[in-house]
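Just so you know, the protein sequences line up as chains V and D, in that order. The first sequence begins at 226 in the numbering used here and counts up one residue at a time. The second sequence begins at 226 in the numbering used here and counts up one residue at a time. A virtual CB, placed ideally from N, CA and C, is assigned to each residue, including glycine.
2 protein chains.
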Amino acid sequence: MKSDLPALMEAHKLDALLVFGDALHNPAMVYFTGVTHVTEAMLALRRGEQPLLFCHAMERDEAATSGLPTRSITDYKFSEILAASNGDLELAYARLYQRMLTDAGLTSGRVAVYGQRDAGRAFGLLSALGELLPDLEFVGEFGSSVLLEARATKDPAEIDRMRRIQKQTTEVVGQVADFLSRHRAQDSVLVDSEGQPVTVAKVKSKINLWLAERGLDNPHGTIFAPGAEGGVPHSMGSPDAVLRLGEPIVFDIFPVEAGGGYWADFTRTWCLGHASDGAQKLYDDVKFVFDTIVSELKPDTQCSTYQTRTCELFQQRGHPTVAEDPTTKVGFVHGLAHGLGLEVHERPAFGRDATPTDILRRGSVVTIEPGLYYPERGLGMRIEDAVFMRADGKPEILAEYPLDLVIPIRS
Amino acid sequence: MKSDLPALMEAHKLDALLVFGDALHNPAMVYFTGVTHVTEAMLALRRGEQPLLFCHAMERDEAATSGLPTRSITDYKFSEILAASNGDLELAYARLYQRMLTDAGLTSGRVAVYGQRDAGRAFGLLSALGELLPDLEFVGEFGSSVLLEARATKDPAEIDRMRRIQKQTTEVVGQVADFLSRHRAQDSVLVDSEGQPVTVAKVKSKINLWLAERGLDNPHGTIFAPGAEGGVPHSMGSPDAVLRLGEPIVFDIFPVEAGGGYWADFTRTWCLGHASDGAQKLYDDVKFVFDTIVSELKPDTQCSTYQTRTCELFQQRGHPTVAEDPTTKVGFVHGLAHGLGLEVHERPAFGRDATPTDILRRGSVVTIEPGLYYPERGLGMRIEDAVFMRADGKPEILAEYPLDLVIPIRS
């Protein structure tokens, strides 16, 4: 958590952190500022000190809501720097940031860099600044990072927010279940009162309204993928697809607090009316693995062990897994879990990019999401909850929701 | 526009473009792929060839909707690369991308880099790749860029989409006007049927619902800033603020196509019931400047001339401007205009970062948004439309909406 930063920075020999970009939909910045309408900003955090936020004058009131000391970028009079640089935008930007860094006391030492930006702009600016400030070493961590390590455990205030958005998300899931079960079937296809098929697009438009009513953003959309589409884990569901009784629908929903704060992540797979035999069998296996893994979660264990265990359990039930073939497209084809927070996927990692430093700890919030996929049989099945590892070492499902496979439908 | 890319790349001596990140809310990627649920991807475009999209297997169906040839990142078996790198994530990532670039035929030449990513990850990965592929020169343009130059003019298909979202946005603005005028005032404060004040939060919740009904995302929120808050251009409006008759409310709305495509951008300033004398005077001046500038727009002129002209017009009417003092917080305090497209601010630039290469052209889409700000007098005033420069050289307002200052209210 945030209070770990000074020690983590010391362990990684970092003198400062530098964050670029907006305070909206930018996890590294929002971690320090909260969500606020500040754009094209820079935050400098010297080890053990309070962060300093540079922002434009016309966003001064929004910046003040961060509670951080601020400096005005406007006061550097960029138009004059640009004129003095003979209209060379790159030279002017490099000089502007050189002056800001100097005023922040950052002219030497090791500085780790963060923030959502255009990759080329970041690379170009940092390369140019490295020449202007030769005693400053920019550190671009591209595996894990000091900031991701800090964010890999959450403090109580973060848990409150995550519990709230996960709960709001399950409320919307409940509204979707009610919406579906209010319909009837005709020739095994779900239809409305006028006999028109209920499409995936129709369901998603309802989801977006119900999320908006709760003030949540849904920038990545929602997976609502029936039949064969659900057999490919990240297929979103075609807008015109109809919903057939018996076939599984993978429903994976992952909204974020308005403006880009903490994310929820939640999946159920539903069959309308009844479950086909194939769907029921997959459900039984996925549910067994889900329950087993949740019951076995313990703090201070390596995350990769749960991935291994999941593959073992699925293999025992006759399913191919990524353990034997990392490119398999049938069976268990992805990671069991991932950290959840200001990004929908963050540390700790459980899947292909897990290392020995990815450890489940007290304060971790992770998804648990075993799944099975047989696209050529028209079948996909996934169950996902968000789990918080409490101080007493027990896992807590952040928002409980029934695990039922079948949504009853009037025939 | 996109068809200009080969010539632009040749002029800038670029052999290829490389785009990192998602195909959601990532302008550089979406420009080539469209909005689709592809995450942590890489797109390689060699000059004059078709782009090649690298994506993970579980997003293969989503990637296919781009219509581009694709390669599976999963087939590189990252877990095996990581094991062969002794668990060193950075080494493993560098080797993975080295192999992908090699397979894309990119082992030498000058390659410009784009895409929303963490700044440190981009800097670190590109620095490491530069050592593994010494004949490849990564170019990080951090002023304007070849891609931004191409995007600075739009083709007819882009204009259709931009006209559509700007029109949808003005429909929502009309709903807000109707909503406000259905209320009455009590002691000069707008109240609902139960006598409760209509707050900024209430108005914004309606805006988000009406945007969601149209399938639009609103990741940066909406400015609905009454009185003194509207006197600071980017203050969003406090949730609990109430709406008083006569005082100006700056209403700046900028949604984006679902998943992060083209943006709308639109501002009106309204007074409820009647306009105070101060508000009316500011409105008259802003409206005069708005009409004058729109009438003077001509293709193939430098954008900075319109900024200069705006300052001149406001100065003639007695207002301070950024022309005399770039740090002024009263009068005309910002840029007149900016390019609009896959980013809410893109090229061409008109304000402090405008260069002689920022030229208004046939095919440009720009905002025109003069404004005046007197926060200590509780006054802010801005009018903004999106303007498309047609092939015949005439400006077209993308979505017409009345410029009236006063919203009638029952007294």
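- Between Y531 (chain D) and I518 (chain D), the alpha-carbon positions lie close to 7 Å from each other.
- F515 (chain D) carries a helical assignment under DSSP once its states are collapsed to helix, strand and coil.
- Fully contained in the region 308-350 of chain D are the following beta strand (DSSP E) runs of length 3 or more, in chain order: 334-339 and 341-343.
- By the Cβ criterion, the region 286-305 of chain V is in contact with the region 538-553 of chain D, since at least three pairs of Cβ atoms, one from each stretch, lie closer than 8 Å.
- According to DSSP, L268 (chain V) shares a beta bridge with V:V244 and V:L278.
- The region 270-279 of chain D makes no contact with the region 357-375 of chain D: fewer than 3 CB pairs, one atom from each, lie closer than 8 Å.
- Closest in C-alpha terms to I593 (chain D), from the list D:A548, D:P545 and D:D490, comes D:D490.
- Residues of chain V with a Cβ closer than 7 Å to the Cβ of K554 (chain D) are, in chain order, A282.
- Ranked by how close their Cα comes to the Cα of L293 (chain V), the residues V:A266, V:N443 and V:V397 have V:A266 in first place.
- Within the region 432-492 of chain D, no run of alpha helix (DSSP H) at least 4 residues long lies entirely inside it.
- A contact between stretches requires three or more CB pairs, one per stretch, nearer than 8 Å, and the region 566-585 of chain D fails this requirement with the region 348-355 of chain D.
- Nearest C-alpha to T394 (chain D) among D:V547, D:N433 and D:P600: D:N433.
- The Cβ-Cβ distance between A337 (chain D) and V371 (chain D) falls below 9 Å.
- Each residue's CA atom was taken as its position, placing F367 (chain V) and A347 (chain D) some 7 Å apart.
- In the structure shown, M226 (chain D) adopts coil according to DSSP, grouped into three states.
- In terms of Cβ geometry, Y318 (chain V) and A344 (chain D) do not form a close pair [threshold 9 Å].
- For L326 (chain D), the closest of D:A269, D:A453 and D:H559 by C-alpha to C-alpha distance is D:A269.
- Chain-ordered listing is empty here: chain D has no CB closer than 7 Å to the CB of H544 (chain V), the nearest sitting near 16 Å.
- In this structure, the straight-line span from the alpha carbon of H563 (chain D) to that of I634 (chain D) is close to 34 Å.
- Residues of the region 308-319 of chain D with a Cβ closer than 9 Å to any Cβ of chain V, in chain order: G312, D313, L314, E315, L316, A317, Y318 and A319.
- For V590 (chain D), the uninterrupted beta strand (DSSP E) segment begins and ends at V590 to I593.
- By the criterion of at least three beta-carbon pairs nearer than 8 Å, the region 500-510 of chain D is not in contact with the region 412-420 of chain D.
- G355 (chain V) sits in a helix when the DSSP states are folded into three classes.
- Contact check for M283 (chain D) against V457 (chain V) passes: the beta carbons are separated by less than 9 Å.
- Closest in alpha carbon position to I390 (chain D), among D:G485, D:G420 and D:G471, is D:G485.
- Exclusion of the five residues before and after T290 (chain V) leaves G259 and T261 as the residues of its chain whose Cβ lies within less than 8 Å of its Cβ.
- Of the candidates D:A426, D:S589, D:A579 and D:F575, D:S589 places its Cα closest to the Cα of G566 (chain D).
- In the three-state DSSP reduction, R285 (chain D) falls in the helix class (H, G or I).
- The beta-carbon distance between E472 (chain D) and G462 (chain D), rounded to whole angstroms, is 12 Å. This is too long to meet the 8 Å contact definition.
- Considering only D:Y626, D:V631 and D:R320, the residue with the shortest C-alpha distance to V397 (chain D) is D:Y626.
- Neighbours of G349 (chain V) in chain D, taken as residues whose beta carbon is under 7 Å from its own, are G365, E366 and F367 in chain order.
- The beta-bridge partner set that DSSP reports for Q411 (chain D) consists of D:V414.
- One finds D343, A344 and G345 in chain D with Cβ atoms closer than 8 Å to the Cβ of Y339 (chain V), taken in chain order.
- Within the DSSP bridge table, the entry for E621 (chain D) names D:F613 as partners.
- One finds T299, K302, F303, S304 and E305 in chain D with Cβ atoms closer than 8 Å to the Cβ of P551 (chain V), taken in chain order.
- V631 (chain V) has its alpha-carbon roughly 5 Å from the corresponding atom of C496 (chain V).
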